[in-house]
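J.: Please read through the structure below; I'll follow up with questions.
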Amino acid sequence: MDNKILLVEDDIDISNNIKTFLSLNGFKVVQAFSAGDTFDIFDEKEISLIILDLMLPDMFGSEILKVLRARGIKIPILVLSALSEEHNKVSLLELGADDYLTKPFGMKELLARIKSLIRRKDGFGLVAEKGPFRVDREKSQIHFHGNLMNLTATEYKLLLFLFENSGRTFSREKLIDKVWGEEYFVEARMVDVYIRRLREKIEADPSNPQILKTRRGFGYVLEI
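Under this note's numbering, think of the first position of the sequence shown as 277, with each following residue one higher.
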């Protein structure tokens with residue numbers, strides 16, 4: 277597991293305990309003990325998730341949360357706090373927190389929350405965003421640059437598969453197997469037809485695709 281977590285917690289003992297536990301479970305943990313540390317580290321390192329304590333010596337965690345979201349940073353943020361009242365949780369979620377864990381908490385629960393947030397970040401939740409796409413699996417909808425796409429059932433399945441595997445190249449045969457299934461007889465050229473249809477809906481110039489590309493001799497890849 278290559279996910280790197282930024283742990284923002286001013287209590288050194290708590291921070292070290294969390295770091296040790298998460299390290300044993302395959303995560304890389306970078307520690308910050310103040311708001312200043314947080315912004316310095318964040319500028320330098322590629323972070324997959326932030327664990328953010330609310331009570332810091334130089335700035336409230338809620339203010340850090342607002343700053344990060346104001347910068348357009350979409351990394352999942354899990355807030356830790358001793359404040360358990362519902363209105364505190366609601367206000368933090370409205371500020372942009374992705375989840376909230378009340379102290380004291382169990383390490384196994386912390387791990388479960390982290391894994392859930394990373395799955396959602398990587399596109400395995402019901403709703404996922406990546407590049408210009410927003411996928412809602414529950415509604416079987418895909419938005420492109422904020423606009424709902426008008427897709428047939430097959431176009432949806434094909435685009436969803438490519439979205440979930442963005443950056444990977446698939447041959448026509450592999451796409452037939454993964455999207456249509458072995459029980460259907462689909463000619464390879466039909467894949468080209470559906471690829472062309474999708475390009476007409478997402479490419480500024482379908483004849484010169486910049487998102488749904490062809491790797492000659494290998495297949496198709498969605499680059500986002």
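Just so it is clear, CB atoms sit at the ideal spot from N, CA and C, and this is done for glycine as well. Source: prediction; values computed, not measured.
Quick one: residues in its chain with C-beta nearer than 8 Å to the C-beta of residue 472, no 5 flanking neighbours on either side, listed in chain order?
T.: The answer, listed in chain order, is 482.
J.: Taking just the CA atoms, how far does residue 437 sit from residue 314?
T.: Their Cα atoms are separated by approximately 36 Å.
J.: Quickly, what does DSSP pair residue 421 with across the bridge? List them, please.
T.: Paired residue(s): none; residue 421 is not in a bridge.
J.: So, is residue 487 buried or exposed, given that buried needs 16 or more other C-beta atoms within 10 angstroms?
T.: Buried: at least 16 other Cβ atoms inside 10 Å.
J.: Measure the alpha-carbon distance for residue 281 versus residue 354 and round it to whole angstroms.
T.: Cα to Cα, residue 281 sits roughly 11 Å from residue 354.
J.: Between residue 345 and residue 371, how many whole angstroms is the CB-CB distance? I'm expecting something under 8 Å.
T.: Sure, about 7 Å apart at Cβ, within 8 Å.
J.: Can you give me the start and stop residues for the beta strand (DSSP E) that residue 309 sits inside?
T.: Note, residue 309: premise wrong, no beta strand (DSSP E); not H, not E.
J.: Grab me the residues of residue 339's own chain with a C-beta within less than 8 Å of its C-beta, minus the 5 sequence neighbours each way, in chain order.
T.: So the list reads 311, once near-sequence residues are dropped.
J.: Would you please state the rounded distance, in angstroms, between the beta carbons of residue 279 and residue 325? I believe it to be under 8 Å.
T.: Confirmed, Cβ separation roughly 7 Å.
J.: Compare the C-alpha of residue 470 against each of 448, 461, 484 and name the closest.
T.: Nearest of 448, 461, 484 to residue 470, Cα basis: 448.
J.: Among 457, 462, 375, 420, which has the Cα closest to the Cα of residue 474?
T.: With distances taken between Cα atoms, residue 474 lies closest to 420.
J.: Could you say which of 306, 387, 302 lies nearest to residue 288 if we only look at CA atoms?
T.: Residue 288 has its Cα closest to that of 306, out of 306, 387, 302.
J.: Would you call the CB atoms of residue 382 and residue 357 closer than 9 Å?
T.: Contact flag unset, no.
J.: Quick check on this structure: which residue in 350, 295, 386, 323 has the alpha carbon closest to the alpha carbon of residue 405?
T.: Of the candidates 350, 295, 386, 323, the one whose C-alpha sits nearest the C-alpha of residue 405 is 350.
J.: Tell me the DSSP bridge mates of residue 404?
T.: For residue 404, which the question treats as bridged, DSSP gives the partners 411.
J.: Quick check: the Cα distance between residue 494 and residue 441, rounded to an integer number of angstroms?
T.: So the two alpha carbons sit approximately 15 Å from each other.
J.: Can you give the beta carbon distance from residue 496 to residue 446, rounded, assuming they're within the 8 Å contact cut?
T.: About 6 Å; that satisfies the 8 Å criterion.
J.: Given a threshold of 16 other Cβ atoms within 10 Å of its Cβ, counted over all protein chains shown, does residue 308 qualify as buried or as exposed?
T.: Buried, since its Cβ has 16 or more Cβ neighbours within 10 Å.
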